[in-house]
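>
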Amino acid sequence: MHLSRRTVLAGLASLGLAPLIRATSSTPTPASEVITPEPGAKTFRIGVPAKALTTDPAVTNDVETHRLARQVYQTLIGVDEETGETIPQLAADWTVSDNGREVVFELEPDLTFHDGTELTADVVVDNFQRWGTADKMLGSQLDDLGRLPFSNVFGGFTSEDACLLETVEATGQLEVTVTLRSPVTNLIAALTHPAFSITSPASWAEFDAALADGLPLIPLAGTGPYRWGALDGATIHLDAVDAEHDVEVFSVPNLHERLYGLSTKQLDVFDGVSPAVLRELVQSGYQVLLRDPLAVLYLGINQAHPVLANLHVRQAVAHALYRTDMVDTLHLDGSYVAHQFNPPSLLERTDDVVTYNADASRAADLLAVSGYDGEPIEFWYPTGAERVYMTQPQKLFAHLSGRLTAAGFNIVAKPVPWTDGTYMRSVLGKTTGRGLHLFGRNFFVRDALYVLADLFEYPNKEFGWDNPAVTQALTAARTEEDPQLRTALLQRVEAAISLDIPAVPLTFPITALASGHGVGFYPISPVLDEQYVRVRLTD
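According to the working numbering, the sequence shown is numbered sequentially starting from 1400.
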C-alpha cells in the first residue's frame, strides 16, 4: 500500500473522525458502561511491515496477527510492563497445586465481551476446548501453519497422546480448574502468549464457517481496550472502547514508504527500522526505539533436497555465510551473530555447540569432499512484505547468496510473495524444489524451550529433518522441574542442531520502531507486548 494524502483522507472518512472517550486502565469495561466516542478525538496511526493473516491468534504464528490481538483481546495472565513478570489480567488470581498438576484460576467478576457476552468459567473452558481442537478445525491447513502455540505449550492437541492437558472444568461461576497429566514447566508464563486470548464463543460461528477457504479476517469479540473496526485489507481500524484514541494499522511493506509516511505525518510510528534509513531518522530528529534482541533470524535448510541431504554440503553452507559482515551492514547496532537458536539471555551456549566461522576455503573443501557438482539449489526469500526480525529480505538474500556463490554453490533465486500467507505456506508446507530459505521467530515467551520446540520437536516439511533424540529431550524439558536439568536438556538440543544443521541461525537482531514528533510515549517491549492503549499522543 502506498501512503498518500488520499490514503489518509480515506482513512479519516472511514473512521467518521470518531475516536474516543476516556483514558482508563486496560481492565475490560462492561458493555453497559461503554460510551460512544465523541468526534474530534485522536487517532494513533502505525505502519507495520506486513498484513495480519487473520483475527484469531490461536490458529497462527503470525507476528502481525498477534500484534493486533493484544489490542482487542486479553489473556488470563498478563505481563507487567515494567518488570516483565506475570500479573493478573482476566484471571484475578491463580493457585498451583503442590504436585504442579492442578491450576485453579479465579476470574475477574463483572466483565463482558464486546458483543455483550459475560465472562464466566464456562466461556474460558470453551476457549481451552477450541484451542485444543484447532487441529480438527483447521484440517489439512494445519500442515501449512507450523506448530501452533497450544500444541507447543501442552505437547500436542487434545486428541494426541502427547498432550499434557487432561481436563479443563468450570468448578464455579468464576473458577476454572486446569488438570494436567504432568506439570508443564513455565505454564503460567506461557499463557501470556496472545494465542491464548480469551474470546467470546458467541462470536465464533462466522469465523469458523469461513475457515474452509483459509484463515479469515472476521472479527471475534474480546475484552480489550479496542474492538475491531473496518478490516480494509492493508488498513485495519481499531475502535476504542476504553482508551484515549482510535488506531489505524497500515500495512506498508516498503521500508522507504514507511519512512515517507512518518515524515509526512501520515504515520505516528512505524515498525521495522533498518540501517538503510537510520541516518535520515536521526537527522530529522525522530526517536528510534530499540527492542532487546529477543528474535532469531535463520537460514533454513531442506534436508529432503537431494544435494542438501549431504552433511558436508550443509557444513559448507554454514562456513560460506560470513554472518559478521551481514550483521554489520544490514542490521542495527547491538545485533550479533547467532550460533544457536536461543540468545544467551535465555540459554547460555556451551562448548558442545559447534560454531561455523566464515571460511570460504573450508566451504570449498567440504563441497569437494561431498561430490557436489554444481547442481542448482533454489534459495527462497519473501517479497511484498518485511518482518520485524527481517527488514529488506531481498538485500539479505543478495548478501548470503553472493557468499554461497563465491564458495562454489550454484544458487537460484526464488522470490516468493509473502501476501496472504503464501510464503509461509510454501516454506512450512512444501519440500519440493526448495533448498534454502530465510525465516525467523520472535520470542513471545521468555522460555528457551519455546522456539526450539516450535521448530524442531517433531519432523516437519520446513527442514525435512528427524532426530528422535531431540524430540525426546524437548519432550522431557517440557515437564522437567529442576532448572539445571532442564537447561542441560535444552543445551543438548542446541548442540544436536549445530551438528545436524537443519538450519543456520544467522543473527539475534535488534528490532526497532521510529516514533514521530507527535508521540510522547510508546510502550516498547522485547516480547512485542506493545499495547496501544498506553501510547500517548502530544499533537
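Glycine included, every Cβ here is placed at the ideal spot set by N, Cα and C.
The alpha helix (DSSP H) spanning Q1883 covers which residue range?
Here the question's residue 1883 lines up with position 484 in the sequence shown. Looking at the DSSP string, the run of the alpha helix (DSSP H) that includes Q1883 is 1882-1899.
> The alpha helix (DSSP H) with N1585 in it runs from where to where?
The residue you call residue 1585 lines up with position 186 of the sequence shown. Here N1585 belongs to no alpha helix (DSSP H), and DSSP marks it neither H nor E.
> Per DSSP, what kind of secondary structure is V1640 in: helix, strand or coil?
For the purposes of this step, residue 1640 is taken as residue 241 along the sequence shown, with counting starting at 1. If DSSP states are grouped into helix, strand and coil, V1640 belongs with coil.
> What does the alpha-carbon distance come out to for the pair S1558 and G1531?
On the sequence shown, position 159 is the one that residue 1558 refers to. On the sequence shown, position 132 is the one that residue 1531 refers to. Taking the straight line joining both Cα atoms gives about 8 Å.
> Specify, as a first and last residue, the run of the alpha helix (DSSP H) that D1607 falls within.
Locating residue 1607 in the sequence shown gives position 208, counting from the first residue. Element bounds for D1607: 1604-1609.
> Does DSSP put V1932 in a helix, in a strand, or in coil?
Against the sequence shown, residue 1932 aligns to sequence position 533. It is helical.
> Closest to I1909 by CA distance: which of S1800, L1729, Q1890 is it?
For the purposes of this step, residue 1909 is identified with residue 510 of the sequence shown, where counting begins at 1. Measuring from the Cα of I1909, the nearest candidate turns out to be L1729.
> Pick helix, strand or coil for Q1686, following the three-state DSSP scheme.
Taking the first residue of the sequence shown as 1, we reach residue 1686 at position 287. Looking at Q1686 - three-state DSSP - the assignment turns out to be strand.
> Among the candidates L1544, T1886, G1832, whose CA atom is the shortest distance from the CA of N1701?
Mapped onto the sequence shown, residue 1701 falls at position 302. Closest by alpha carbon: G1832.
> Counting pairs of Cβ atoms below 8 Å between the region 1717-1725 and the region 1773-1785, do you hit three or more?
Contact fails: fewer than three Cβ-Cβ distances are below 8 Å.
> Closer than 8 Å is the cut-off here; do at least three beta carbon pairs connect the region 1921-1937 with the region 1460-1470?
Because the criterion of three Cβ pairs below 8 Å is met, the region 1921-1937 and the region 1460-1470 touch.
> What did DSSP end up calling V1787 once you bin it into helix, strand or coil?
Counting from 1 along the sequence shown, the entry for residue 1787 is found at position 388. Of the three classes helix, strand and coil, the one that applies to V1787 here is coil, per DSSP.
> Specify the secondary structure class of S1914 as computed by DSSP and reduced to three states.
Within the sequence shown, residue 1914 is the residue found at index 515, counting from 1. S1914 falls in the strand class under three-state DSSP.
> So, does the region 1517-1537 touch the region 1625-1636, judging by three or more C-beta pairs under 8 Å?
With the cut-off at 8 Å, the region 1517-1537 and the region 1625-1636 do not touch.
> To the nearest angstrom, how far is the alpha carbon of D1534 from that of A1561?
Within the sequence shown, numbered from 1, the residue matching residue 1534 stands at position 135. Within the sequence shown, numbered from 1, the residue matching residue 1561 stands at position 162. Each residue's alpha carbon lies about 14 Å from the other.
> Going by beta-carbon coordinates alone, are A1852 and L1884 separated by less than 8 Å?
Position 453 of the sequence shown, counted from the start, is the residue given in the question as residue 1852. Position 485 of the sequence shown, counted from the start, is the residue given in the question as residue 1884. Taking 8 Å as the Cβ cut-off, A1852 and L1884 do not qualify as a contacting pair.
> What is the DSSP secondary structure of L1518, reduced to helix, strand or coil?
In the sequence shown, counting from the first residue as 1, residue 1518 sits at position 119. Looking at L1518 - three-state DSSP - the assignment turns out to be coil, as it is neither helix nor strand.
> In terms of DSSP beta bridges, what is Y1697 paired with?
On the sequence shown, position 298 is the one that residue 1697 refers to. Paired residues: F1838, P1904.
> Suppose contacts are defined by Cβ-Cβ distances below 8 Å. Is P1508 in contact with S1596 by that definition?
Locating residue 1508 in the sequence shown gives position 109, counting from the first residue. Locating residue 1596 in the sequence shown gives position 197, counting from the first residue. Their beta carbons are not under 8 Å apart, which means P1508 does not touch S1596 by this criterion.
> Assign P1901 to buried or exposed, taking buried as 16 or more other Cβ atoms, counted over all protein chains shown, within 10 Å of its Cβ.
Against the sequence shown, residue 1901 aligns to sequence position 502. Buried: at least 16 other Cβ atoms inside 10 Å.
> What residue ranges within the region 1482-1563 form continuous beta strand (DSSP E) runs of no fewer than 3 residues, ordered along the chain?
Within the region 1482-1563, the complete beta strand (DSSP E) runs of at least 3 residues are 1485-1487, 1490-1495, 1501-1506.
> Could you tell me which of S1662, T1584, D1899 sits nearest to N1498, measuring between CA atoms?
Residue 1498 sits at position 99 when you count from the first residue of the sequence shown. Cα-wise, what sits closest to N1498 is T1584.
> Cα separation between T1937 and Q1890?
Here residue 1937 refers to the residue found at position 538 when the sequence shown is read from its first residue. Here residue 1890 refers to the residue found at position 491 when the sequence shown is read from its first residue. Going from the Cα of T1937 to the Cα of Q1890 covers about 47 Å.
> Please report the straight-line C-alpha distance between H1942 and F1669, rounded to a whole angstrom.
Only positions 1400 to 1938 of the chain appear in this structure, which leaves residue 1942 out of reach.
> Would V1552 pass as an interface residue toward chain B - the criterion being a Cβ-Cβ separation below 8 Å?
Of the protein chains in this structure there is only one, and it is not chain B.
> In the DSSP assignment, find the unbroken alpha helix (DSSP H) run with D1853 in it and report its ends.
Indexing the sequence shown from 1 puts residue 1853 at position 454. Note, D1853: alpha helix (DSSP H), 1847-1855.
> Rounded to a whole number of angstroms, what is the C-alpha to C-alpha distance between P1904 and H1655?
Translated into the one-based positions of the sequence shown, residue 1904 becomes position 505. Translated into the one-based positions of the sequence shown, residue 1655 becomes position 256. Taking the straight line from one Cα to the other gives about 27 Å.
> Whether or not the region 1575-1591 and the region 1845-1861 are in contact is what I'm after, with contact meaning three or more pairs of Cβ atoms, one per stretch, closer than 8 Å; do they touch?
Contact holds: three or more Cβ-Cβ distances are below 8 Å.
> May I have the straight-line CA-CA distance separating S1924 from D1764, to the nearest angstrom?
Residue numbering aside, residue 1924 sits at position 525 when the sequence shown is read from its first letter. Residue numbering aside, residue 1764 sits at position 365 when the sequence shown is read from its first letter. The straight-line gap from Cα to Cα measures roughly 44 Å.
> Tell me the residue span of the beta strand (DSSP E) that contains Y1472.
Within the sequence shown, the letter at position 73 stands for residue 1472. Element bounds for Y1472: n/a, residue is neither H nor E.
> Please classify T1494 as buried or exposed, where buried requires at least 16 neighbouring CB atoms within 10 angstroms.
As a first step, residue 1494 is located in the sequence shown; it is residue number 95 there, counting from the start. T1494 comes out exposed.
> Report the start-end ranges of each beta strand (DSSP E) in the region 1786-1819 that is 3 residues or longer and not cut off at the edges.
As far as the region 1786-1819 is concerned, its whole beta strand (DSSP E) runs of at least 3 residues are 1809-1816.
> Would you call N1551 buried or exposed, if buried means 16 or more other Cβ atoms sit within 10 Å of its Cβ?
On the sequence shown, residue 1551 is found 152 positions in, with the first residue counted as 1. Result: buried.
> L1693 and L1835: beta carbons closer than 8 Å?
Locating residue 1693 in the sequence shown gives position 294, counting from the first residue. Locating residue 1835 in the sequence shown gives position 436, counting from the first residue. Against a cut-off of 8 Å, the Cβ pair of L1835 and L1693 comes out as no contact.
> Quick check: L1888 and A1875, are their CB atoms within less than 8 Å of each other?
Indexing the sequence shown from 1 puts residue 1888 at position 489. Indexing the sequence shown from 1 puts residue 1875 at position 476. For L1888 and A1875, yes; Cβs fall inside 8 Å.
> Could you tell me the distance, in whole angstroms, from the CA atom of R1935 to the CA atom of V1478?
Along the sequence shown, read from residue 1 onward, the residue named residue 1935 stands at position 536. Along the sequence shown, read from residue 1 onward, the residue named residue 1478 stands at position 79. Roughly 20 Å between the two C-alpha positions.
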